[in-house]
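Participant: Heads up: the sequence shown runs through residues 7 to 349, numbered per our numbering. Just so you know, even glycine gets a beta-carbon here, dropped at the ideal spot from N, CA and C.
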Amino acid sequence: MPTLRQQLPWTQEPLLVNAPMGGIAHASLALAVHHAGGFGFIGAALDLDSADKQVGIAAETLKVTDEGLLPIGIGFLAFAVPVDKVTNLVRARKPAVVWVSMPKSVDDFVPWTEAMREASPKTRVWLQVGSVATTLAVAKSCRPDAICLQGSDAGGHGCEQGAGVISLVPEVSDAFAAEKIDIPLLAAGGMGDGRGVAAALVLGATGVVLGTRFLAAKETNLHQNYRAAILAARDGGVVTTRSKLFDNLPGENIWPGYIDGRSLIVESYKDHLAGVDINEIRRLYKKAVSADDKGYASEGKGRAAIWAGTGVGIVTAEQGAAEIVEEVRRDALAALKKVQARL
7 MPTLRQQLPW TQEPLLVNAP MGGIAHASLA LAVHHAGGFG FIGAALDLDS
57 ADKQVGIAAE TLKVTDEGLL PIGIGFLAFA VPVDKVTNLV RARKPAVVWV
107 SMPKSVDDFV PWTEAMREAS PKTRVWLQVG SVATTLAVAK SCRPDAICLQ
157 GSDAGGHGCE QGAGVISLVP EVSDAFAAEK IDIPLLAAGG MGDGRGVAAA
207 LVLGATGVVL GTRFLAAKET NLHQNYRAAI LAARDGGVVT TRSKLFDNLP
257 GENIWPGYID GRSLIVESYK DHLAGVDINE IRRLYKKAVS ADDKGYASEG
307 KGRAAIWAGT GVGIVTAEQG AAEIVEEVRR DALAALKKVQ ARL
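#1: Does the Cβ-Cβ distance between Ala-125 and Arg-149 come in under 7 Å?
#2: So, for Gly-164: in the same chain, excluding its five sequence neighbours on each side, which residues have a beta-carbon less than 6 Å away from its beta-carbon?
#3: Give me the Cα-Cα distance between Leu-221 and Leu-22, rounded to the nearest whole angstrom.
#4: Are the CB atoms of Ile-80 and Ala-64 nearer to each other than 7 Å?
#5: Which same chain residues, not among the five before or five after Gln-60, have their C-beta less than 6 Å away from its C-beta?
#6: From Lys-224 to Ala-38, what distance separates their C-alpha atoms?
#7: Taking the DSSP output, what are the residues bridged to Gln-325?
#8: Pull up the DSSP beta-bridge partners for His-163, would you.
#9: Taking Ala-184 as the reference, give the member of Asp-199, Leu-142, Cys-154 and Ala-205 with the closest Cα.
#10: What would DSSP say about Ser-107, mapped onto helix, strand or coil?
#11: Could you tell me the alpha carbon to alpha carbon distance between Ile-287 and Ser-274, rounded to whole angstroms?
#12: Tell me the DSSP secondary structure of Gln-156 in three-state form.
#13: Smallest Cα separation from Glu-333: which of Ala-51, Gly-43, Glu-258 and Lys-250?
#14: What residues match up with Ile-80 in a beta bridge as DSSP calls it?
#15: Please state the DSSP three-state secondary structure of Leu-191.
#16: So which of Ala-206, Ala-340 and Gly-267 has the shortest CA-CA distance to Thr-246?
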């Protein structure tokens with residue numbers, strides 16, 4: 007199996023990837039990450055037309071690779087969008103990587119992987135999972151070009167049951183070694199700076215995915231109050247929580263049953279803990295999101311979900327995405343050298 011470096015020879019080591027956050031990771035973020043030597047993703051979410059528009063914006067300024075691929079990726083939620091429509095988009099755009107996550111069933115990864123490879127044979131397929139058992143299953147059934155191991159510290163949506171990357175990544179690495187499986191691993195969840203990236207590399211990952219850190223990037227498509235809340239948050243394991251409540255706020259939860267989400271704790275969640283009826287919580291939520299601030303506020307005073315991982319406490323300043331990539335890469339290498347020097 008080709009390494010991540012062989013798959014993406016225009017990138018720099020260690021490989022840093024922006025998470026394909028739906029509606030948040032637009033062309034501007036993917037381009038900035040790409041130009042800084044990382045790998046940039048556009049998140050498709052539920053609106054494929056919007057995603058295609060963003061990919062088109064990126065394509066206007068990017069030169070295709072020697073394989074004829076656009077040197078960025080597109081992320082898709084398998085449960086939420088029809089695979090045939092995604093196939094058409096991938097066939098037309100030919101991204102370097104397609105990221106597939108959150109199917110209704112783990113078995114759905116198989117037809118998705120096959121469809122993506124048929125649509126664009128040279129496009130790499132990366133699958134996002136959250137447990138050792140699922141990782142082994144998709145490694146054998148799909149043979150993806152890479153697997154993203156999302157730990158429980160990650161912000162946004164992920165597996166309701168799972169471990170942090172500190173145990174997930176090495177356990178998967180050991181399982182792969184025992185089964186003689188050679189598929190690159192990326193780590194996601196809780197890494198907000200170079201020290202976290204260095205740790206993930208030592209644990210066995212060959213690339214690291216950053217989501218919460220890029221919420222501070224100027225190029226990220228965010229309401230100003232959302233970003234302000236991220237920058238103000240401290241003690242990430244305390245001010246965030248995982249719950250299905252956040253996806254029940256707009257109405258009936260559409261996400262697969264094994265999925266929940268990590269958000270900053272907001273008034274809606276506090277009401278939920280206090281036993282307030284969901285219909286009243288929804289009424290207050292809908293009123294809040296209709297205002298100019300869209301229900302976002304710092305210090306837990308808003309009502310809309312503000313997706314963020316436990317690493318939010320070390321995200322303290324708004325920066326350009328390229329600056330983030332360069333700083334994290336530099337600090338990761340320095341952290342590894344510092345530890346080595348102490349031994």
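Facilitator: Based on what the coordinates show:
#1: Indexing the sequence shown from 1 puts residue 125 at position 119. Indexing the sequence shown from 1 puts residue 149 at position 143. Their beta carbons are not under 7 Å apart, which means Ala-125 does not touch Arg-149 by this criterion.
#2: Mapped onto the sequence shown, residue 164 falls at position 158. Answer for Gly-164: Gly-136 and Gln-156, listed in chain order.
#3: Against the sequence shown, residue 221 aligns to sequence position 215. Against the sequence shown, residue 22 aligns to sequence position 16. So the two alpha carbons sit approximately 15 Å from each other.
#4: Within the sequence shown, the letter at position 74 stands for residue 80. Within the sequence shown, the letter at position 58 stands for residue 64. Against a cut-off of 7 Å, the Cβ pair of Ala-64 and Ile-80 comes out as no contact.
#5: For this step, residue 60 is matched to residue 54 along the sequence shown. The residues are His-32, Ala-33 and Ile-48.
#6: Along the sequence shown, read from residue 1 onward, the residue named residue 224 stands at position 218. Along the sequence shown, read from residue 1 onward, the residue named residue 38 stands at position 32. Spanning the two alpha carbons is a distance of roughly 10 Å.
#7: Your numbering for residue 325 matches position 319 in the sequence shown. Assignment of beta-bridge partners to Gln-325 by DSSP yields Ala-223.
#8: For the purposes of this step, residue 163 is taken as residue 157 along the sequence shown, with counting starting at 1. Per DSSP, Gly-267.
#9: Position 178 of the sequence shown, counting from 1, holds the residue named residue 184. Of the listed residues, the one whose Cα sits closest to Ala-184 is Leu-142.
#10: On the sequence shown, position 101 is the one that residue 107 refers to. In the structure shown, Ser-107 adopts extended strand secondary structure according to DSSP, grouped into three states.
#11: Here the question's residue 287 lines up with position 281 in the sequence shown. Here the question's residue 274 lines up with position 268 in the sequence shown. Inter-residue distance for Ile-287 and Ser-274 is about 6 Å (C-alpha atoms, whole angstroms).
#12: By one-based count along the sequence shown, residue 156 stands at place 150. In the structure shown, Gln-156 sits in a strand (DSSP, three-state: E or B).
#13: Residue 333 sits at position 327 when you count from the first residue of the sequence shown. Nearest C-alpha to Glu-333: Gly-43.
#14: The residue labelled residue 80 in the question sits at position 74 within the sequence shown. DSSP output for Ile-80 lists Ile-48 and Val-104 as bridge partner(s).
#15: Counting from 1 along the sequence shown, the entry for residue 191 is found at position 185. Strand, per DSSP.
#16: On the sequence shown, position 240 is the one that residue 246 refers to. Considering only alpha carbons, the answer is Gly-267.
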